[in-house]
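K.L.:
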Amino acid sequence: MPGKEFLAASDLNIIITAILIGTFARIITLKEDFRQYPSYPNGYLIHLITGFVSASLGSVALPALLSKNFIAVTFLSLAIQQFRDVRKMEKESLMDLEETEYTYRGKAYIDGIAKTFEARNYFSLVVALVTSITIKIVPFKGWVGIIIGIAVGLLLLFLLVRISKGKTIGDIAQVKTGKIEVKGSELFVDGMFITNQLGSDQAQKLFKEEGMAVVITPNENHFRINLENFGQRQAVLFEATRTLGLKRYHFTRRDFENGKVVVALVPIKKDMDAFIEVVKKCPLLESVKKPNSVMKTNLKGR
Amino acid sequence: MGRESKINPKYDILAVITLNKDRVLSGKPLTLLAQNEEEQKEMTADIAKALKAEIVRMKTNDFLIIRE
Numbered sequence: 027m028p029g030k031e032f033l034a035a036s037d038l039n040i041i042i043t044a045i046l047i048g049t050f051a052r053i054i055t056l057k058e059d060f061r062q063y064p065s066y067p068n069g070y071l072i073h074l075i076t077g078f079v080s081a082s083l084g085s086v087a088l089p090a091l092l093s094k095n096f097i098a099v100t101f102l103s104l105a106i107q108q109f110r111d112v113r114k115m116e117k118e119s120l121m122d123l124e125e126t127e128y129t130y131r132g133k134a135y136i137d138g139i140a141k142t143f144e145a146r147n148y149f150s151l152v153v154a155l156v157t158s159i160t161i162k163i164v165p166f167k168g169w170v171g172i173i174i175g176i177a178v179g180l181l182l183l184f185l186l187v188r189i190s191k192g193k194t195i196g197d198i199a200q201v202k203t204g205k206i207e208v209k210g211s212e213l214f215v216d217g218m219f220i221t222n223q224l225g226s227d228q229a230q231k232l233f234k235e236e237g238m239a240v241v242i243t244p245n246e247n248h249f250r251i252n253l254e255n256f257g258q259r260q261a262v263l264f265e266a267t268r269t270l271g272l273k274r275y276h277f278t279r280r281d282f283e284n285g286k287v288v289v290a291l292v293p294i295k296k297d298m299d300a301f302i303e304v305v306k307k308c309p310l311l312e313s314v315k316k317p318n319s320v321m322k323t324n325l326k327g328r
Numbered sequence: 003m004g005r006e007s008k009i010n011p012k013y014d015i016l017a018v019i020t021l022n023k024d025r026v027l028s029g030k031p032l033t034l035l036a037q038n039e040e041e042q043k044e045m046t047a048d049i050a051k052a053l054k055a056e057i058v059r060m061k062t063n064d065f066l067i068i069r070e
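These protein sequences, in sequence, are chains Z and H.
Residues in the first sequence are numbered from 27 upward in steps of one, following the working numbering.
Residues in the second sequence are numbered from 3 upward in steps of one, following the working numbering.
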């Protein structure tokens with residue numbers, strides 16, 4: 027039709043391939059792991075759709091630029107806004123759920139989760155963008171070019187996943203079973219005082235028979251900065267109660283002398299191995315991370 | 003129970019159940035005088051159950067019912 031411009035077949039191939047790889051990047055990173063989040067179909071759908079949209083934005087950027095449609099490239103700024111909305115949406119959603127959980131996730135943990143969701147949308151965008159650029163610039167056309175583009179996109183995805191992978195409690199500390207002792211109305215774990223809130227006989231019996239505790243010992247003294255952070259301890263407790271359930275009572279306590287952190291609770295499912303495993307796998311919060319090497323660096327020259 | 007809900011949890015003392023009438027003073031928390039230890043435990047448990055609160059047994063053998 028005169029006056030109308032259509033996409034060339036080669037551009038269409040680039041865009042479709044990049045969208046598929048970008049969306050695949052979001053699917054791969056939307057894993058349901060031991061934290062069981064998100065574990066509901068609607069949550070999956072929301073994140074897959076936003077991943078698809080971000081992949082689309084990344085994939086059309088190059089063809090738009092090459093067709094001298096510079097305004098279309100400003101869509102990338104729209105993407106940034108969209109990703110920020112993803113973070114905000116995730117944050118609001120988790121904050122709304124706070125009152126319904128066994129224990130609070132805490133603001134620090136929610137902030138970390140929301141940022142991760144935002145970052146994973148950038149994965150989709152960047153992977154789609156790089157895939158489309160690769161297909162366009164490689165000297166091979168047709169299927170060979172597309173396969174090379176897919177390979178580069180997947181390699182980039184692998185690197186991004188590796189780079190963004192955070193550390194866990196198990197990387198910086200030893201997690202061991204704590205010995206529970208109830209003396210009158212006081213609870214002790216490995217000789218450390220935890221609470222005196224076991225005032226009734228029923229509470230004492232419950233903790234003696236069904237209580238569980240773990241002791242987290244940092245590998246290095248400076249790891250105490252992470253472990254003793256309130257948000258971090260709250261995240262540990264949240265993951266433990268989410269995995270094991272909570273019948274009654276939950277406590278964490280710090281030992282100021284040796285930096286040990288105790289988590290004690292009465293779970294629904296009494297599984298000590300699962301308790302230790304979930305504490306070990308609890309992520310170190312980004313907002314808490316203080317790399318020792320950076321702390322030591324004399325950046326200001328003083 | 004909610005030690006982790008805030009950095010500095012603020013507990014309210016809802017009731018004090020004692021065996022010593024000299025410790026029954028006026029004030030905000032309800033203070034009850036029990037006749038014997040068994041009655042004291044029963045009263046404490048009943049109030050704590052109704053208010054979904056925690057029980058602290060003091061070394062003086064008085065019971066506190068507290069809630070965050």
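Positions of the beta carbon are idealized from the N, C-alpha and C atoms, including for glycine.
Compare the beta carbon distance of residue 139(Z) and residue 124(Z) with 8 Å and say whether it is the shorter of the two.
P.N.:
Their beta carbons are not under 8 Å apart, which means residue 139(Z) does not touch residue 124(Z) by this criterion.
K.L.:
Using the rule of at least 16 other Cβ atoms within 10 Å of the residue's Cβ for burial, across every protein chain shown, is residue 2(H) buried or exposed?
P.N.:
There is simply no residue 2(H) to check, as chain H begins at 3 and stops at 70 in what is shown.
K.L.:
Taking C-alpha atoms, which residue in 267(Z), 258(Z) and 101(Z) lies nearest to residue 242(Z)?
P.N.:
It is 258(Z) whose Cα lies nearest to the Cα of residue 242(Z).
K.L.:
Keeping to the same chain, check which residues put their C-beta closer than 8 Å to that of residue 12(Z); ignore five residues upstream and five downstream.
P.N.:
Nothing in the structure corresponds to residue 12(Z), since chain Z is present only between 27 and 328.
K.L.:
Of all Cβ atoms in chain H, is any one closer than 8 Å to the Cβ of residue 225(Z)?
P.N.:
Output row for residue 225(Z): interface = yes.
K.L.:
Between the beta-carbon of residue 232(Z) and the beta-carbon of residue 279(Z), is there less than 8 Å?
P.N.:
Their beta carbons are not under 8 Å apart, which means residue 232(Z) does not touch residue 279(Z) by this criterion.
K.L.:
From what residue to what residue does the beta strand (DSSP E) around residue 345(Z) run?
P.N.:
As shown, chain Z starts at 27 and ends at 328. That puts residue 345(Z) outside it, with no answer to give.
K.L.:
If you reduce the DSSP assignment to three classes, tell me which class residue 283(Z) lands in.
P.N.:
The answer is coil: DSSP assigns residue 283(Z) none of H, G, I, E or B.
K.L.:
With a cut-off of 8 Å, do at least 3 Cβ pairs link the stretch 220-239 of chain Z to the stretch 282-298 of chain Z?
P.N.:
As far as the Cβ criterion goes, the stretch 220-239 of chain Z touches the stretch 282-298 of chain Z, which means the pair count is three or higher.
K.L.:
Do the stretch 243-250 of chain Z and the stretch 207-226 of chain Z make contact, defined as three or more Cβ pairs closer than 8 Å?
P.N.:
With the cut-off at 8 Å, the stretch 243-250 of chain Z and the stretch 207-226 of chain Z do not touch.
K.L.:
Using a beta-carbon distance below 8 Å, is residue 210(Z) in contact with chain H?
P.N.:
It does: the Cβ of residue 210(Z) has a partner Cβ on chain H nearer than 8 Å.
K.L.:
Distance, Cα to Cα, residue 50(Z) vs residue 199(Z)?
P.N.:
Taking the straight line joining both Cα atoms gives about 35 Å.
K.L.:
Run down chain Z in chain order and give the residues with a C-beta less than 9 Å from the C-beta of residue 62(H).
P.N.:
The contacting residues do not exist; residue 62(H) stays about 12 Å from chain Z at best.
K.L.:
Among the residues of its own chain, which have a CB less than 6 Å from the CB of residue 4(H), if the five just before and after it don't count?
P.N.:
Low confidence applies here, because residue 4(H) scores a pLDDT of 44, under 50, leaving its location unreliable and the question unanswered by this model.
K.L.:
So, helix, strand or coil for residue 117(Z), using DSSP?
P.N.:
Helix.
K.L.:
Are there 16 or more other CB atoms within 10 angstroms of the CB of residue 189(Z), so buried, or fewer, so exposed?
P.N.:
It counts as exposed.
K.L.:
Can you give me, in chain order, the residues of the stretch 229-250 of chain Z that have a beta carbon less than 9 Å from any beta carbon in chain H?
P.N.:
Going along the stretch 229-250 of chain Z in chain order, one finds 229 with a Cβ nearer than 9 Å to chain H.
K.L.:
Since residue 68(H) and residue 14(H) are thought to touch, with beta carbons under 8 Å apart, how far apart are those beta carbons, to the nearest angstrom?
P.N.:
Yes, residue 68(H) and residue 14(H) are in contact; Cβ-Cβ is about 7 Å, under 8 Å.
K.L.:
Please report the Cβ distance between residue 83(Z) and residue 151(Z), rounded to the nearest whole angstrom; I am assuming they are in contact, meaning their Cβ atoms lie under 8 Å.
P.N.:
Residue 83(Z) to residue 151(Z), Cβ: 6 Å. Contact.
K.L.:
Quick one: Cα of residue 53(H) to Cα of residue 81(Z), how far?
P.N.:
C-alpha separation (whole angstroms): 53 Å.
K.L.:
Under 8 Å by Cβ, that's how I've got residue 149(Z) and residue 55(Z) pegged, so tell me the actual separation to the nearest angstrom.
P.N.:
So it is a contact: roughly 6 Å between Cβ atoms.
K.L.:
Since residue 17(H) meets chain Z, which of its residues come closer than 8 Å, beta carbon to beta carbon?
P.N.:
What residue 17(H) touches in chain Z: nothing, since even the nearest Cβ is about 12 Å away.
K.L.:
Strictly under 8 Å for the Cβ-Cβ distance: is residue 222(Z) near chain H by that measure?
P.N.:
For residue 222(Z), the answer is yes, since a Cβ of chain H falls inside 8 Å of its Cβ.
K.L.:
Could one say the Cβ of residue 55(H) lies closer than 8 Å to chain Z's Cβ atoms, at least one of them?
P.N.:
For residue 55(H), the answer is no, since every Cβ of chain Z falls outside 8 Å of its Cβ.
K.L.:
Would you kindly check if the distance between the Cβ of residue 99(Z) and the Cβ of residue 105(Z) is under 8 Å?
P.N.:
It is not a contact, given that the beta carbons lie outside the stated cut-off.
K.L.:
Out of curiosity, what's the CA-to-CA distance linking residue 153(Z) and residue 182(Z)?
P.N.:
Going by the C-alpha atoms only, they are around 7 Å apart.
K.L.:
Using a cut-off of 9 Å between C-beta atoms, extract the partners of residue 46(H) located in chain Z.
P.N.:
Result: 225 and 226.
K.L.:
Taking residue 38(Z) as the reference, which of 114(Z), 72(Z) and 172(Z) has the closest Cα?
P.N.:
Of 114(Z), 72(Z) and 172(Z), the residue nearest in Cα terms is 172(Z).
K.L.:
Tell me, to the nearest whole angstrom, how far the beta carbon of residue 312(Z) is from that of residue 192(Z); I am working on the premise that it is less than 8 Å.
P.N.:
Indeed they touch by this definition, with Cβ atoms about 7 Å apart.
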